[in-house]
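In my numbering, the protein residues as written are 0 to 566. For glycine and all other residues, C-beta sits at the position ideal for the given N, C-alpha and C.
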């Protein structure tokens with residue numbers, strides 16, 4: 000794959016670090032990859048946008064899914080995942096996930112993660128949407144992500160691994176043959192390094208998380224601005240399935256104008272027996288799916304939105320008053336505190352909920368070892384598209400995917416001898432090839448995407464979104480092309496530019512997919528069309544900043560050919 004030559008407008012690196020591998024991101028995927036690389040004897044540097052424990056993983060409430068319970072099997076886990084994925088999962092990728100998953104969880108426990116235990120000393124397992132078995136391991140009731148993050152961060156610090164915190168990754172460095180040679184980054188605030196620098200390494204692992212901030216209301220933290228996907232696109236990598244953004248059905252409704260990160264009400268609350276009801280107390284999910292409130296997330300989100308439209312309502316309710324105070328306090332203390340902080344007591348009141356952007360099932364296209372179409376560039380976690388999630392992620396498969404595929408990446412880097420190559424990065428271009436957007440464009444992008452490419456889409460809404468995004472892109476491009484001017488480089492302008500990049504790809508893919516499948520809901524194309532659309536939409540960025548879009552011939556992921564060759 001040929002690099003686009005496009006880079007963000009930024010000062011030249013003023014400092015550098017050398018390593019065998021650089022991992023960008025400090026969630027479950029990034030820190031697992033880093034620990035496994037370090038254990039294999041590789042000099043590894045972790046770069047993270049905020050603090051080590053400040054990524055998306057810490058916000059994960061429900062848990063981690065794996066066939067760990069009596070009577071459960073990887074085959075049953077596979078079946079549930081394939082059903083949730085609505086015909087677009089890569090079965091080989093899912094089989095890897097469910098068969099390697101249980102041991103990966105056990106290794107996580109050995110690393111120090113402490114999960115809730117049942118009375119007999121085994122793991123206490125719960126059930127979530129789309130699962131026919133109780134296979135969700137959790138910690139601290141509803142604080143699983145925080146516990147996993149704590150254990151991994153402690154392990155990284157105990158090993159004295161080199162970390163660069165408060166660092167926004169900018170672009171991939173490549174050598175004369177187009178292979179990864181490290182990354183440029185900007186460190187915010189005081190520390191050993193400051194400003195723009197570089198980490199030189201022949202193996203680059205993207206574990207940058209999601210892009211939920213592309214929408215106005217999201218469960219994602221403020222740092223989730225699609226930086227990894229945008230970097231990969233500028234580097235010439237392919238992305239796939241970006242139209243499949245999962246809207247979590249039950250997010251605490253804080254008003255129609257609420258923006259930014261919203262409190263999540265975990266699916267585990269429904270797994271323990273909470274009911275979705277309308278203002279009259281009617282359980283409207285009964286009869287819509289055999290699992291009712293525990294149907295896959297796309298089904299539940301659509302059920303809520305349909306009821307809202309039918310009743311001209313802004314939200315529905317999650318009723319778990321029958322839990323009682325003790326269960327709320329012991330099983331869901333985080334959610335209880337969040338609700339009460341906003342004036343709602345779920346012990347005595349139904350909780351107002353509505354869907355909000357939650358998880359990107361698509362991302363940077365990889366093979367079963369996490370390799371992208373750019374040699375030396377890997378991706379895992381939410382930034383990646385391994386084929387596991389298909390058109391809709393099965394609840395609590397994300398933490399497991401981060402674990403399993405991070406371990407596979409570290410094993411591949413060590414086995415292929417990639418780390419032995421001394422990176423020779425090409426000089427960064429003197430003239431910026433990519434215009435920067437002003438900081439205020441971030442809010443404009445979020446509102447465009449929420450209105451035109453949210454949970455309910457149509458050709459008309461997507462066309463309007465595409466036109467408005469194009470105008471933002473064209474205005475910045477024309478200013479740069481005509482007089483060489485662009486917005487001042489900085490975190491706000493880099494993030495806004497990354498958000499526009501991923502928004503354009505998402506909208507273009509959503510327009511191309513003329514059907515309803517999984518979490519992609521076209522009101523003008525309500526049917527699922529397996530004949531024409533049981534396949535993937537793959538996008539890459541052209542050197543002129545236009546998008547190259549193609550559709551695969553089958554549901555199988557094509558191989559990442561350049562990376563599969565000897566390096």
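key: CA-to-CA distance, residue 313 to residue 345, given in whole angstroms   = 19 Å
inquiry  = My parser needs the alpha helix (DSSP H) runs of 4 or more residues fully inside the stretch 184-258; what are they?
reply    = Runs of the alpha helix (DSSP H) inside the stretch 184-258: 226-233.
inquiry  = Tell me the rounded alpha-carbon separation between residue 72 and residue 83.
reply    = Approximately 17 Å between the Cα atoms of the pair.
ask   = Quick one, which of 170, 156 and 61 has its alpha-carbon nearest residue 134's?
value = Minimum Cα distance to residue 134 is reached at 61.
ask   = Taking DSSP as the reference, what is the three-state secondary structure of residue 113?
value = coil
ask   = Which residue from 541, 456 and 262 puts its Cα closest to that of residue 243?
value = 456
ask   = Where does residue 566 fall in DSSP's three states?
value = At residue 566, the pLDDT of 39 sits below 50, so the modelled position is not reliable and the matter cannot be decided from this model.
inquiry  = Could you give the first and the last residue of the continuous alpha helix (DSSP H) run that contains residue 540?
reply    = Here residue 540 belongs to no alpha helix (DSSP H); instead the beta strand (DSSP E) covers 536-540.
ask   = From residue 461 to residue 356, what distance separates their C-alpha atoms?
value = Looking at the two C-alpha atoms, the distance is approximately 17 Å.
query = Applying the criterion that 16 or more other CB atoms from any shown protein chain within 10 Å of the CB defines a buried residue, is residue 14 buried or exposed?
reply = exposed
request  = With DSSP as the reference, please indicate the residues paired to residue 384 in a beta bridge.
outcome  = 364
key: Own chain, CB closer than 6 Å to residue 420, minus 5 neighbours either side, in chain order   = Same-chain partners within the cutoff: 201.
task = Please go through the same chain and pick out, in chain order, the residues whose beta-carbon is closer than 7 Å to the beta-carbon of residue 454, but skip the five residues on each side of it.
result = Within the same chain, and ignoring the five residues on either side of residue 454 in sequence, the residues whose Cβ sits closer than 7 Å to its Cβ are 246, 300, 304, 354 and 520.
ask   = For residue 506, which option in 466, 187 and 549 has the closest C-alpha, if you only look at C-alpha atoms?
value = 466
ask   = Does the distance from the CB of residue 169 to the CB of residue 9 come in under 7 Å?
value = yes
query = Rounded to a whole number of angstroms, what is the C-alpha to C-alpha distance between residue 95 and residue 458?
reply = 37 Å
inquiry  = Can you give me the C-alpha to C-alpha distance between residue 197 and residue 376, rounded to a whole angstrom?
reply    = C-alpha separation (whole angstroms): 16 Å.
ask   = Are there 16 or more other CB atoms within 10 angstroms of the CB of residue 442, so buried, or fewer, so exposed?
value = exposed
message = Can you find the residues in the same chain that come closer than 7 Å, C-beta to C-beta, to residue 160, ignoring five residues on each side of it along the sequence?
response = 33, 37, 43 and 45
ask   = Which stretch, first to last residue, makes up the alpha helix (DSSP H) that contains residue 31?
value = 27-38 is the span of the alpha helix (DSSP H), which, as asked, contains residue 31.
task = Give me the Cα-Cα distance between residue 123 and residue 68, rounded to the nearest whole angstrom.
result = Using only the alpha carbons, I get a separation of about 9 Å.
inquiry  = Taking 8 Å as the cut-off, does the stretch 275-291 touch the stretch 314-325 (at least 3 CB pairs, one atom from each stretch)?
reply    = yes
query = Sorted by chain position, which residues of the same chain lie with C-beta nearer than 6 Å to residue 28's C-beta, five sequence neighbours on each side aside?
reply = 206, 379, 380, 401 and 405
request  = Could you round the C-beta distance between residue 47 and residue 153 to whole angstroms and report it? I think they count as a contact, below 8 Å.
outcome  = Not confirmed; about 15 Å, so no contact.
key: Closest residue to residue 87 among 321, 112, 25 and 239 (Cα-Cα distance)   = Residue 87 has its Cα closest to that of 239, out of 321, 112, 25 and 239.
query = Where do the N-terminal and C-terminal ends of the beta strand (DSSP E) with residue 356 fall, by residue?
reply = 350-359
query = How many Å lie between residue 132 and residue 257 at the Cα?
reply = 35 Å
Nearest-angstrom beta carbon gap, residue 218 and residue 263 [assumed within contact, 8 Å] = About 5 Å separates the Cβ atoms of residue 263 and residue 218, confirming a contact at the 8 Å cut-off.
query = Are the Cβ atoms of residue 128 and residue 282 separated by less than 7 Å?
reply = no
ask   = Whose CA, out of 484, 112 and 292, lies closest to the CA of residue 57?
value = 112
ask   = Would you call residue 162 buried or exposed, if buried means 16 or more other Cβ atoms sit within 10 Å of its Cβ?
value = buried
ask   = For the alpha helix (DSSP H) that contains residue 160, what are its first and last residues?
value = Careful: residue 160 lies outside any alpha helix (DSSP H) and carries neither H nor E.
key: Own chain, CB closer than 7 Å to residue 214, minus 5 neighbours either side, in chain order   = Cβ within range, chain order: 356, 445, 448, 449 and 453.
request  = Keeping to the same chain, check which residues put their C-beta closer than 6 Å to that of residue 384; ignore five residues upstream and five downstream.
outcome  = 239, 240, 361, 362 and 364
inquiry  = Quick check: the Cα distance between residue 339 and residue 327, rounded to an integer number of angstroms?
reply    = 12 Å
task = With DSSP as the reference, label residue 343 as helix, strand or coil.
result = Residue 343 sits in coil when the DSSP states are folded into three classes, being neither helix nor strand.
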